[in-house]
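Q: Once you've had a glance at the structure underneath, I'll fire off some questions.
Residue numbers (this note's numbering), protein chains in the order written: chain A, 1 to 423; chain B, 1001 to 1423.
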């Protein structure tokens, strides 16, 4: 198929009339499809229902009665499962409750209210800026926005954030205080940060002495087609004395059950001590019985990896449907570009400029809900209006096939209008 | 026994030498006793181990799959258990994770960072003051202190905070932004707020339009000798249009298991909507599986009340030992004053002025740990140095007897020194 931009007006008009008819047919089906949020489907959850049972004991390995108060940083066996998996010493890990998002929000809030390691609280600064590699995760950006941070969009490349842009901004402007990162199978594109990107993030000179990398390794073990590993950012940071720069987050929400998983934060000794100091005011400690459930159920890194292979096997057909239909319907048209993710939870496509909003609205009208166009950019504004996030994990393969056909159809129709207007 | 202040110097000296000897004997015993924190003992926890099991279903009554994401305000059946118990409509309740302290901290933090219902954030005000009825709960005061609030000590009476003082301060100073309250069996004295106190708190004129009562009903069902009920503060507040003034907190930490309980916040519709707006940025939602465990295990108000009667039966002998030994050893001496609590988790005594710190230090030296003297006052400073908090719930009755004998002995010795110095 030749690229559509090279077609004649009459060719385009002919196609438009055919696709208009097809779209009306879709509307007649009364579909109700949802590809909007990164939720696991029931069959993924079924793999982990053993987590809901009582743990074999409520006495932690150090003798702590997990039924009672105490243990601010989480029970040791739970921290060790995380540590074993991620290669982080367990005493640099704080295990929390079910939501790692809450750990990120709280860490951000503490920088805003109290500062960190002697720095000025961000609330007392005339301007605070944060780097937001985009497309990215809307809930990250929502935290920055809630605290009045000025968000700076940084383009993504196939190796992670555009590091030339990141380095220039971080080096020259002391009000640039940090960056949001999803280093493995990024949300929504599935980008794997290269070793060199990780090294540069950890080691680049920055103007702000309280610069923080929010390293949200949400998909750190979520392999689907290939098993990638991300470089050890702590290692790179420690080597040049930048250890305090890293706030590392992970959770089992998408390993076991989002409704009852376990989140964690890891950081340098100084940062961990500081977080615990604040936490000692905020909480009496995490749900230790849940942490024992997690530790006894997952056991160790191998326990998690085995589980992730099972999850990957269930996710693979869903990702294949999305990628196959994209290729079949839009391959060679020049109407979309995308990275084929090797893991994670999402696929993102970029349409022709100025088309994403219209595509999402048109799909919605015919019964397929997608993440709102623009949501993957700071302030919900995609400057070129091209990015659409596809979340294939929740629908059944059948629903997904239907929804993808509809989506591709909408891409074609909206693109046709754009191309015709330009003729 | 005549009051010791009326004894002659030689009588006092004689007693001192006898008590010095007794104290040395205690030191020789190598005791290790802890009456410092309000922790339940293992036999109290044993009553609730069924909570640890899997709930009978992971499908909530409205069809929600509790294993998955969603439901920011908590599953309905869990909110209904709270509502049934406390007489609050379930849609005005937000059910959270295990720590109600975290809900209080977060509510306070939101007032500080964002303000409430259109008011200015407290961080942007030159001065914010908070009323702290004292003796009170050290962790409440720690939250105010963390956010740089100026804490104002308000005396406690047998009916709750001295309302004349509270009303005067709240009415005349717009920088007075709220008050900490533990209305039933207050920590540490066990005071029950009278209906009139509750009414005045709810209805008093205040200068600050964002005045907030942090109503921590931590011991709302913790009856030991008598069953008291606290007046409905929402009712009083609603009647005069002050509904938004109340933030109500409760948790099952001391109903079931502190290591895996469920906390909640209740408030006016406007406040609930505002909290949920902030929470939608901070978290993906609470641990819904834990909430289902709670709802299915406790069932309803009667389920909780039955459990509390069993807990009360286990706590009663412990409180009796403390009260009996206080009466036997110190009754009529004029060395201490205290309220006999009818429920809750603590007993507080007031020594002669300037003696509490020395008593706690002396008890510690002989092996009995008490809550640090002063901890029950803002900034950890008891202005008259008289208040000592006794937490009788964790030790066995035998340990408790020993610890109380030692405590009374230390009170006598320190008081003797004071009385002798004044002769």
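Note that CB positions come from ideal geometry on N, CA and C, so glycine has one too.
Could you tell me how far apart the beta carbons of residue 1423 of chain B and residue 1009 of chain B are, in whole angstroms, since I believe they sit closer than 8 Å?
A: Contact holds; Cβ gap of about 4 Å.
Q: With a threshold of 16 other CB atoms inside 10 Å of the CB of residue 343 of chain A, please say whether the residue is buried or exposed.
A: That one is buried.
Q: Put residue 1223 of chain B into one of helix, strand or coil per three-state DSSP.
A: If DSSP states are grouped into helix, strand and coil, residue 1223 of chain B belongs with the strands.
Q: If we call anything under 8 Å between Cβ atoms a contact, is residue 371 of chain A one with residue 36 of chain A?
A: The answer is yes: Cβ separation under 8 Å.
Q: Tell whether a beta-carbon distance below 8 Å holds between residue 1257 of chain B and residue 1051 of chain B.
A: Going by C-beta atoms, residue 1257 of chain B is nearer than 8 Å to residue 1051 of chain B.
Q: If residue 85 of chain A sits next to residue 266 of chain A, beta carbons under 8 Å apart, how far is it from one beta carbon to the other, in whole angstroms?
A: The pair is not a contact, with the Cβ atoms about 11 Å apart (cut-off 8 Å).
Q: In the DSSP assignment, find the unbroken alpha helix (DSSP H) run with residue 17 of chain A in it and report its ends.
A: Segment 9-28, the alpha helix (DSSP H) holding residue 17 of chain A.
Q: Mind checking which residues open and close the beta strand (DSSP E) that includes residue 217 of chain A?
A: Taken as a continuous stretch (DSSP letters only), residue 217 of chain A belongs to no beta strand (DSSP E), as it is neither H nor E.
Q: List the endpoints of the continuous alpha helix (DSSP H) containing residue 1100 of chain B.
A: First-last of the alpha helix (DSSP H) with residue 1100 of chain B: 1100-1114.
Q: With a cut-off of 8 Å, do at least 3 Cβ pairs link the region 357-376 of chain A to the region 403-413 of chain A?
A: At 8 Å Cβ cutoff, the stretches touch.
Q: At a CB-CB cut-off below 9 Å, which residues of chain B make contact with residue 74 of chain A?
A: Within 9 Å Cβ-Cβ: nothing; residue 74 of chain A doesn't reach chain B, min ~12 Å.
Q: Is any beta-carbon of chain A found at less than 8 Å from that of residue 1068 of chain B?
A: So, interface residue.
Q: Looking only at C-alpha atoms, which of B:1194, B:1030, B:1144, B:1291 sits nearest to residue 1161 of chain B?
A: Closest option to residue 1161 of chain B, Cα to Cα, is B:1194.
Q: Are the beta-carbon atoms of residue 1232 of chain B and residue 1271 of chain B separated by less than 8 Å?
A: No. Outside cutoff.
Q: Pick helix, strand or coil for residue 1144 of chain B, following the three-state DSSP scheme.
A: The answer is helix: DSSP assigns residue 1144 of chain B an H, G or I state.
Q: I'd like the list of long-range same chain contacts for residue 49 of chain A, defined as Cβ closer than 7 Å, with 5 residues on each side in sequence excluded.
A: No residues qualify anywhere along the chain.
Q: Please specify which runs of the alpha helix (DSSP H), each continuous and at least 4 residues long, are wholly inside the region 173-204 of chain A, giving them in chain order.
A: Within the region 173-204 of chain A, the complete alpha helix (DSSP H) runs of at least 4 residues are 195-203.
Q: Going by the CB atoms, is the gap between residue 1143 of chain B and residue 1185 of chain B shorter than 8 Å?
A: Going by C-beta atoms, residue 1185 of chain B is not nearer than 8 Å to residue 1143 of chain B.
Q: Determine the burial state of residue 1240 of chain B: buried for a count of at least 16 other Cβ atoms within 10 Å of its Cβ, exposed for fewer.
A: So residue 1240 of chain B ends up on the exposed side.
Q: When you compare the CB of residue 1264 of chain B with every CB in chain A, is at least one pair closer than 8 Å?
A: Output row for residue 1264 of chain B: interface = no.
Q: Thinking residue 12 of chain A and residue 419 of chain A are a contact (beta carbons under 8 Å), I'd like their distance in whole angstroms, please.
A: The pair is a contact, with the Cβ atoms about 6 Å apart (cut-off 8 Å).
Q: Mind pulling the chain A residues with CB within less than 8 Å of residue 1257 of chain B?
A: Those within 8 Å of residue 1257 of chain B in chain A are 67, 68, 289.
Q: Residue 264 of chain A and residue 96 of chain A: beta carbons closer than 8 Å?
A: Cβ distance < 8 Å, so residue 264 of chain A and residue 96 of chain A count as in contact.
Q: Here's a check: name, in chain order, each residue in its chain whose Cβ is nearer than 7 Å to the Cβ of residue 209 of chain A, leaving out the five neighbours to either side.
A: For residue 209 of chain A, where only same-chain residues beyond five positions count, the Cβ hits under 7 Å are 119.
Q: Could you tell me whether the Cβ atoms of residue 1355 of chain B and residue 1415 of chain B are closer together than 8 Å?
A: For residue 1355 of chain B and residue 1415 of chain B, yes; Cβs fall inside 8 Å.
Q: Is the distance from the Cβ of residue 54 of chain A to the Cβ of residue 1124 of chain B below 8 Å?
A: Not a contact, by the Cβ cut-off of 8 Å.
Q: Any C-beta of chain A within less than 9 Å: which residues of the region 1326-1350 of chain B qualify?
A: Answer in chain order: no residues at all.
Q: Run the proximity test for residue 1004 of chain B: is its beta-carbon closer than 7 Å to any non-hydrogen atom belonging to the ligand PLP?
A: As presented, the structure is devoid of all ligands, the ligand PLP included, so that no description of it is given.
Q: What are the complete alpha helix (DSSP H) segments, minimum 4 residues, inside the region 292-346 of chain A?
A: The qualifying runs are 301-330.
Q: So what does residue 247 of chain A bridge to, in DSSP terms?
A: Per DSSP, A:214.
Q: Can you list the residues of chain B that residue 45 of chain A reaches, using a CB-CB cut of under 9 Å?
A: Within 9 Å Cβ-Cβ: 1058, 1065, 1067, 1068.
Q: Taking just the CA atoms, how far does residue 1192 of chain B sit from residue 83 of chain A?
A: Taking the straight line from one Cα to the other gives about 48 Å.
Q: Inspect the beta-carbon positions of residue 402 of chain A and residue 131 of chain A and report whether they are closer than 8 Å.
A: In this structure, residue 131 of chain A does not lie closer than 8 Å to residue 402 of chain A by Cβ.
Q: Residues of chain B with CB closer than 8 Å to the CB of residue 113 of chain A, please, in chain order.
A: Neighbours of residue 113 of chain A on chain B, chain order: 1109, 1112, 1113, 1123, 1147.
Q: Based on the DSSP output, what are the partners of residue 1094 of chain B in its beta bridges?
A: Answer is B:1265, bridged to residue 1094 of chain B.
Q: Using the beta-carbon of each residue, which ones in chain B are nearer than 8 Å to residue 101 of chain A?
A: By Cβ distance, chain B contributes 1282, 1283, 1284.
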